[in-house]
Amino acid sequence: MIEKNTDTLSMGFFTTKVNDIVGWARKYSIFQYPFITACCGMEYMSVACSHYDIDRFGAGFPRFSPRQSDVLFVVGTISHKIAPVLKRIYEQMTEPKWVVAFGVCTCTGGFYDNYATVQGIDTIIPVDIYIPGCPPRPENVLDGLMKLQEKIQHSKQAI
Amino acid sequence: MILEKIKEKFGEAVLETHSFRGDDTAIIVKEKIVEAAKFLKEDPELDFNVLIDLTAVDCLKLDKPHRFEVVYHFFSVAKKHRVRLKVPLTEEDPVVDTLTGLWPIANWFEREAWDMFGVKFQGHPNLQRILMYDEFQGHPLRKDYPVSKRQPLVGPQN
Amino acid sequence: MFLNMGPSHPAMHGIVRLLLELDGETVVNSDVEIGFLHRAFEKMSEQGGYWQVVPYTDRLNYVSPLINNFGYASAVEKLFGIDITERTKYIRVIMSEISRVADHLTCVGATTMEMGAFTVFLYMIKAREYLYELVEDVTGARVTVSYARVGGVKSDLPEGFKEKTLKALKETRKVLIEVNKLITRNRIFVDRMKGIGVISKEDALGYGITGPFLRSTGVDYDVRKDQPYYVYDRFDFDVPVGEKGDNYDRYLLRMEEMEQSMRIIEQALEQIPAGDLNVDMAGRVIPAAEMVDEAKMGHTSGLIQLEVTADPTLEGGSERFYDNIHACSKKMAVPPKEDTYGNIEGLMNHFKIVMNGHGVRPPQGEAYFPVEGANGELGFYVVSDGTGTPYRVRVRPPCFTIMAALSKLIQGGTLADIIPTFGSVNMIGGELDR
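Chains as they are written, first to last, in the numbering used here: chain D, 15 to 173; chain F, 196 to 353; chain G, 3 to 436.
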């Protein structure tokens, strides 16, 4: 991202593109909205707490208001009863916004192939990163988060 | 002991009793269920003061003359014993009297049985769906409800 | 004023919707709406074999999945009329209690976090991480373990389990002492917990409430003591009871229960006998063909003492040739994965059990088996129609009954009181809505 110009670096500043620097800032200041419904919440707790510590990746601050958050973590099975609520929360979030499908139930419905369960939240809202696993291990979640950060960095920033 | 007392008290109304795997079970006609539950609760020797569980079974694929069975599990905290009562209901008339007057928890258990099986509880103060949403058609735990018949509120239909 | 709390509320773990009628800050009336996590556990259980229900039971109470696993397995065992081996009973006790400690840690941690004491939550999850490591060593998974098998457990305890467990318990105790110092006498905490969410003994029984919630009112009902299953009657442990039935009593009770659970684990680790895990392996009379199979798998030790009966067809392996003959199964439990993947007999054995139309079939009938879950009495009611698929599986969810009483608990209190009360209910969506 930093343009390799040794002259300017030695003088104490560097040049970059606005798009890059905004992306860099955005990816390390993720305000996440954890939409926790089910089992995956246990692993979300583990990720959020001291042992795995999601804060190391700049995403340690859960905001429970959709208007103040920019990444929606959908954690756990989405049933048809809760689906309208999820959609509404997504619509309330301000741009730019990203969605992480946490756990296999949110990715595809998992092994709940039945009348009550939504077969993947991407039938309702757009999803940026899928983290499979039932539930995913904390390391897996952190990997997914890093992939999301990469995506944020490389996307065209709306300013 | 428990089954004998029930049989003695209700005579003809008890259709069948068994103790399969040590679980005392009495099958009783639906007209007598409130009376029987009251007897179980108030008899000092039986003293069944907790309604542990209330559910239903759809007997569509079992070789039985009736369609539904409502299953009650009672437990006595003082005497530490259990009993199960079952009430057979026909498909045309799946109605049984409510136990909400005896135990407040029967309210939610009966709502669930209604939601999942379509068994009606006469005299229930608020017989509405509890687990599914109001727009949902049918009763999912019935054997003739297909397992993957979805009724989404948002998103693509099935 | 009418206020809608939930389904996704920051200070409530789990999705539930409270419709509140307020007068100022006082809750006059309320209605609780549940079912947002209904994912058809009971319907899914009717689709596959008896073994295929076990993974679904993990996801009922996902904070203490092992207790759910064992509860289901025991209900099916009761239906089959089989008894499990001594070692399995001890393993089940140990793993259940580890699960219970993890559950209480999460419950107390989450409650205090919602009241603003985030430190406690971090401490509790740190302790839970030690327990999860233990669970992972034994079962191979952290949360959704699927460890129980009908007639046994998946695998034996790993090497060095005892030492690691004792170390984990030591760390957990350390955390509990720290938490105790932090909040038990903390003014804000006590003020928000004491005398809030009170329920009387009669109401609790009327609502069918069990577990810590019932015990906080002074009723000492605990399935482990009153109707002992597995080997719980061999341990020396106390059932703590409260007096007032308020949130503070429930908090103290959960803290004490963790200590008692750890006592049980320590005693069980001392007493646990060696031996087989799965039934049908423990020196039972087996047909000749099976003996050959056993020998092929290298299980030769002890075969010499076995009594062997000749197969009437003189061919071996002809059992269950006709669909309507209820031949005794080769094994009750699915063979260990090393055998399934390691040799042909194990693979065949596995397929015979899991394939549709094969496998063992229980007699027609029904069975109810209660275990003491972390939230109260967790009962599984299994109905069999004589085929290899459960006809109906019903779980008696402990927190369903408590949630039914929630309206009563919060009535007359202030809006802010809902948070600690709801926390002490320990609502688990998977178990509540199934």
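Glycine residues also receive a C-beta, built at the ideal position from the N, C-alpha and C atoms.
In this text the structure is predicted, and so the values were computed from the model without any measurement.
Extent of the continuous beta strand (DSSP E) to which residue i belongs
| i | result |
| --- | --- |
| Gly-381 of chain G | 379–386 |
| Pro-372 of chain G | 367–374 |
| Phe-116 of chain D | 112–116 |
Where the alpha helix (DSSP H) through residue i begins and ends
| i | result |
| --- | --- |
| Glu-272 of chain G | 249–273 |
| Pro-399 of chain G | Looking at the DSSP string, Pro-399 of chain G is not in any alpha helix (DSSP H), and its letter there is neither H nor E. |
| Met-56 of chain D | 54–62 |
| Thr-342 of chain G | 339–344 |
| Ser-32 of chain G | Per DSSP, Ser-32 of chain G belongs to no alpha helix (DSSP H); it is in the beta strand (DSSP E), 28–35. |
| Asn-128 of chain D | No alpha helix (DSSP H) contains Asn-128 of chain D, which DSSP labels as neither H nor E. |
| Leu-159 of chain D | 152–168 |
| Asp-205 of chain G | 203–208 |
| Ala-77 of chain G | 67–82 |
| Glu-305 of chain F | 301–312 |
| Ala-104 of chain G | 88–116 |
Secondary structure of residue i, DSSP reduced to three states
| i | result |
| --- | --- |
| Arg-102 of chain D | helix |
| His-268 of chain F | strand |
| Val-140 of chain G | helix |
| Thr-416 of chain G | strand |
| Ile-355 of chain G | helix |
| Glu-286 of chain F | coil |
| Ile-185 of chain G | helix |
| Lys-281 of chain F | strand |
| Met-25 of chain D | coil |
| Val-32 of chain D | helix |
| Ala-73 of chain D | coil |
| Glu-211 of chain F | strand |
| Tyr-125 of chain G | helix |
| Pro-57 of chain G | helix |
| Gln-373 of chain F | What the structure shows of chain F is the stretch from 196 to 353, and residue 373 of chain F is not part of that stretch, so it cannot be assessed. |
| Asp-222 of chain G | coil |
| Thr-51 of chain D | coil |
| Gln-323 of chain F | coil |
| Phe-87 of chain D | strand |
| Val-132 of chain D | coil |
| Gln-317 of chain F | strand |
Straight-line gap, residue i to residue j (C-alpha atoms, nearest Å)
| i | j | result |
| --- | --- | --- |
| Asn-33 of chain D | Gln-163 of chain D | 14 angstroms |
| Asp-69 of chain D | Pro-150 of chain D | 18 angstroms |
| Phe-304 of chain F | Gly-73 of chain G | 21 angstroms |
| Glu-27 of chain G | Ile-185 of chain G | 26 angstroms |
| Tyr-52 of chain G | Arg-252 of chain G | 36 angstroms |
| Ala-329 of chain G | Pro-364 of chain G | Interpretation of Ala-329 of chain G is limited by its pLDDT of 37, a score under 50 that renders its predicted location unreliable; no figure is taken from the coordinates. |
| Ser-343 of chain F | Glu-268 of chain G | 46 angstroms |
| Leu-24 of chain G | Val-272 of chain F | 37 angstroms |
| Ile-93 of chain G | Arg-226 of chain G | 15 angstroms |
| His-268 of chain F | Ala-369 of chain G | 11 angstroms |
| Lys-508 of chain G | Arg-217 of chain G | The question about residue 508 of chain G has no answer here: the residues shown for chain G are numbered 3 through 436. |
| Phe-234 of chain F | Ile-247 of chain F | 16 angstroms |
| Met-292 of chain F | Gly-313 of chain F | Looking at the sequence provided, one finds Asp at residue 292 of chain F rather than Met. Approximately 14 angstroms, taken between the alpha carbons. |
| Leu-20 of chain G | Leu-255 of chain F | 37 angstroms |
| Leu-284 of chain F | Glu-307 of chain F | 17 angstroms |
| Asp-84 of chain D | Val-34 of chain G | 30 angstroms |
| Asp-329 of chain F | Phe-424 of chain G | 25 angstroms |
| Val-65 of chain G | Glu-237 of chain F | 38 angstroms |
Residue i burial status per 10 Å Cβ neighbour count (16 or more: buried)
| i | result |
| --- | --- |
| Gly-414 of chain G | exposed |
| Ala-130 of chain D | buried |
| Pro-80 of chain D | buried |
| Val-140 of chain G | buried |
| Gln-46 of chain D | buried |
| Met-311 of chain F | buried |
| Gly-206 of chain F | exposed |
| Ile-197 of chain F | buried |
| Thr-29 of chain D | exposed |
Cβ of residue i within 9 angstroms of any chain A Cβ
| i | result |
| --- | --- |
| Tyr-129 of chain D | Looking for chain A here will not work: the only protein chains present are D, F and G. |
> Listed from N- to C-terminal order along the chain, which residues in the segment 333–345 of chain F have their beta-carbon within a distance smaller than 8 angstroms of any beta-carbon of chain D?
Replying inline: Pro-335, Tyr-340, Pro-341, Val-342, Ser-343, Lys-344 and Arg-345
> Of all the residues that make up the segment 3–14 of chain G, which are near chain D by a beta-carbon distance shorter than 7 angstroms?
Replying inline: Pro-9, Ser-10 and Pro-12
>> For the segment 135–154 of chain D, list every residue whose C-beta sits within 8 angstroms of some C-beta in chain F, in sequence order.
In response: Thr-137 and Ile-138
>> Tell me which residues of the segment 42–70 of chain G have at least one Cβ-Cβ distance to chain F shorter than 9 angstroms, keeping chain order.
In response: Ala-42, Glu-44, Lys-45, Met-46, Glu-48 and Gln-49
>> Give me the subset of the segment 93–127 of chain D whose CB atoms are less than 8 angstroms from a CB atom of chain F, sorted by chain position.
In response: His-94, Lys-95, Ala-97, Pro-98, Lys-101 and Asp-127
> Using Cβ-Cβ distances below 8 angstroms, what residues of the segment 281–295 of chain F are close to chain G?
Replying inline: none
> Of the residues that make up the segment 248–261 of chain F, which ones have a beta carbon closer than 8 angstroms to any beta carbon in chain G?
Replying inline: Asp-248, Thr-250, Val-252, Asp-253, Lys-256 and Leu-257
>> Which residues of the segment 19–38 of chain G have a Cβ closer than 7 angstroms to any Cβ of chain F? Give them in chain order.
In response: Ile-36 and Gly-37
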